[in-house]
Each structure stands twice: as structure tokens, then as C-alpha cells.
Amino acid sequence: MTQFAVIKTGGKQYLVSAGQKLKVEKIDAPPKARLAQQGGKEGGPSPAGAASAREGGKVVFGEVLLVANDKKIEIGTPYVKGARVEAKTIKQGRSKKILVFKYHSKTRYRKKKGHRQPFTEVEIQKIVTK
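Following this line, the structure appears as C-alpha cells:
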């Protein structure tokens with residue numbers, strides 16, 4: 026039985042299935058100091074209910090646009106009620122540097138800038154529907 030879903034995170038949509046590894050826009054993790062003050066453990070969900078995006082932590086994507094399996098397809102308006110996708114954080118990092126170079130001829134104007142996009146790599150654990 027093949028089950029897949031379309032989720033929305035970081036302003037983008039992703040087609041996911043269980044066991045798939047995926048790089049998404051950076052998901053913020055609560056700082057260690059705030060976790061300690063609230064009595065939470067590092068790596069698990071914080072007491073406030075926010076998912077921890079630290080390595081090995083659990084992340085829940087609630088904005089599920091579509092869920093499909095071999096027998097049935099559910100399309101949300103805009104989201105599927107009661108559906109969620111559970112994932113485990115593998116790592117957080119920054120992508121390769123992209124260089125941007127501005128140049129105006131004959132004026133000695135040159136600007137060189139670099140950008141590294143932060144990301145969170147997750148592994149989809151399961152797709153839950155009601």
C-alpha cells in the first residue's frame with residue numbers, strides 16, 4: 026500500500042511518503058535556555074507544544090493539502106482535516122554558498138556578496154489521517 030501526501034512548509038509544497046528524506050526551509054528550534062526554564066528536554070517537544078527541530082527531534086507538519094493511498098484520495102479545502110505528517114529531524118545546516126556579483130562598467134563599481142540558505146533535513150516517519 027503506497028501512501029503519499031502533499032505538505033506545505035516554508036512557503037513551499039512537497040510531495041512526501043513514509044521513509045523519504047527531505048530538505049525543507051529551516052524550522053526553528055526553541056533555544057536550549059528556554060527549554061531548561063520550561064522544564065523540557067532537549068531533542069523532544071517543548072512543554073509549550075512547539076515541535077523541536079533539533080537533531081533527532083520530532084516535527085509534525087499540520088498543513089496537509091492532499092493525502093492519497095491505493096484506494097482513496099483526499100483533497101483539502103485548503104487543508105485535510107485531521108491529517109498530519111510526522112517526521113524526525115536528521116540535521117540542520119546551510120547549503121553551498123551562492124555568489125552574487127554586481128558590476129557597472131567604466132565606473133569601478135564592483136560588489137561581491139555571498140548567501141548560504143539555511144535548511145532542515147527531515148525523514149518522514151508516518152502519514153496520519155482520521
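When you read off a place in the sequence shown, starting at 1, and then add 25, the result is the number in the working numbering.
Glycine included, each C-beta is placed from N, C-alpha and C at the ideal position.
Here the structure is a predicted model, which means the values were calculated and not measured.
Assigned secondary structure, Lys33 (DSSP; H/G/I helix, E/B strand, else coil): Taking the first residue of the sequence shown as 1, we reach residue 33 at position 8. Strand, per DSSP.
Can you tell me which of Gly44, Lys37, Lys127, Glu99 puts its alpha carbon nearest to the alpha carbon of Ala108? Your numbering for residue 108 matches position 83 in the sequence shown. Looking at the Cα atoms, Glu99 is the closest of the given residues.
On a CA-only basis, which of Gly82, Asp95, Lys37, Ile32 is nearest Gln117? Give me that one, please. The sequence position of residue 117 within the sequence shown is 92, counting from 1. Here the closest residue by C-alpha is Gly82.
Touch test, the segment 79 to 98 against the segment 118 to 134, Cβ-Cβ under 8 Å, three pairs minimum: no
From the DSSP secondary-structure annotation, give me the bridge partner or partners of Ala93. Within the sequence shown, numbered from 1, the residue matching residue 93 stands at position 68. Phe29, Ile98, per the DSSP bridge assignment.
Should Val125 be labelled buried (16 or more other beta-carbon atoms within 10 Å of its own) or exposed? Sequence index remark: in the sequence shown, residue 125 carries index 100 (1-based). With fewer than 16 Cβ atoms within 10 Å of its Cβ, Val125 is classed as exposed.
CA nearest to the CA of Asp95, picked from Ser42, Gly35, Lys138: Here residue 95 refers to the residue found at position 70 when the sequence shown is read from its first residue. Ranking the options by Cα distance to Asp95, first place goes to Ser42.
Quick check: the Cα distance between Thr132 and His140, rounded to an integer number of angstroms? By one-based count along the sequence shown, residue 132 stands at place 107. By one-based count along the sequence shown, residue 140 stands at place 115. The straight-line gap from Cα to Cα measures roughly 25 Å.
Looking at the structure shown, is Ser16 part of a helix, part of a strand, or coil, going by DSSP? Nothing can be reported for residue 16: it is not among the residues displayed for the chain, which extend from 26 to 155.
Give the straight-line distance between the Cα atoms of Gln38 and Arg79, rounded to the nearest whole angstrom. For this step, residue 38 is matched to residue 13 along the sequence shown. For this step, residue 79 is matched to residue 54 along the sequence shown. Going by the C-alpha atoms only, they are around 22 Å apart.
Quick one: what's got a C-beta closer than 8 Å to Tyr134's C-beta in the same chain, skipping five residues either side? As a first step, residue 134 is located in the sequence shown; it is residue number 109 there, counting from the start. Correct list, in chain order: Lys127, Tyr128.
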